[in-house]
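Asks: Have a look at this one before I ask anything.
Numbering (this note's numbering), first residue to last: 35 to 170.
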């Protein structure tokens, strides 16, 4: 079905392997699957109190965690970028000709109805198909 599938991955959630399986099921033979982690930099005044080396070490730990999660998965390319999660996922998909985004989601809480979760923002603003996977 799809030639280029983006799978945003939160490294602290256990849904990544499931979303990668969904991406494989939706992909045509030889499709490119991109496992993307968006590293959010510390916000505003917090960043002034953190040493830049600490932030870079955290980024490298995230990179290593992503590589460990995708190690040995044939046809999966791991990417890590810095930015705001939802906006960066959408921009990455648009800039890289992604056909479909497969994103995991949690059961929405009250705050999601006022603020919106990452998945709901991606669904609302992506220019390609979006498949939301929610584990039971």
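Where a beta carbon is used, it is the ideal one built from N, C-alpha and C, also for glycine.
Express the C-alpha separation of residue 115 and residue 73 in angstroms, rounding to a whole number.
Replies: Roughly 6 angstroms separates the two Cα atoms.
Asks: State the DSSP-derived secondary structure class of residue 124, mapped to helix, strand or coil.
Replies: Correct three-state label for residue 124: helix.
Asks: Can you confirm whether the region 132 to 140 touches the region 160 to 167 when touching is taken to mean that 3 or more C-beta pairs between the two stretches lie within less than 8 angstroms?
Replies: With a cut-off of 8 angstroms, the region 132 to 140 and the region 160 to 167 count as touching, because enough Cβ pairs lie within range.
Asks: Who are the near neighbours of residue 157 in its chain, counting only those whose CB is closer than 6 angstroms to its CB and skipping five residues on each side?
Replies: Here the set comprises 164.
Asks: Given residue 42, which residues of its chain have a CB within under 6 angstroms of its CB, disregarding the five upstream and five downstream residues?
Replies: Once the five neighbours on either side are set aside, the close Cβ partners of residue 42 are 70, 123 and 137.
Asks: Do residue 140 and residue 121 come within 9 angstroms of each other at the CB atom, strictly closer than that value?
Replies: No; because the gap between Cβ atoms is not below 9 angstroms, this pair is not in contact.
Asks: CB-CB under 7 angstroms to residue 36, same chain, minus the five flanking residues each way: which ones, in chain order?
Replies: Around residue 36: 60, 61, 62, 65, 133 and 134.
Asks: Can you check whether the CB of residue 99 is closer than 9 angstroms to the CB of residue 45?
Replies: In this structure, residue 99 lies closer than 9 angstroms to residue 45 by Cβ.
Asks: With a CB to CB cut of under 8 angstroms and the five nearest residues on each side skipped, what residues in its chain are close to residue 55?
Replies: So the list is empty, once near-sequence residues are dropped.
Asks: Would the beta-carbon of residue 67 fall within 9 angstroms of that of residue 109?
Replies: Yes, these two residues count as a Cβ contact at 9 angstroms.
Asks: Which whole-angstrom value is the C-beta distance of residue 57 and residue 80, which I expect to be below 8 angstroms?
Replies: No, residue 57 and residue 80 are not in contact; Cβ-Cβ is about 34 angstroms, not under 8 angstroms.
Asks: Hey, how far is the Cα of residue 86 from the Cα of residue 152?
Replies: Whole-angstrom Cα-Cα distance: 27 angstroms.
Asks: For residue 127, collect the residues of the same chain with a Cβ closer than 8 angstroms to its Cβ; drop the 5 residues on either side in sequence, then sort them by chain order.
Replies: Here the set comprises 40, 135, 160, 161 and 162.
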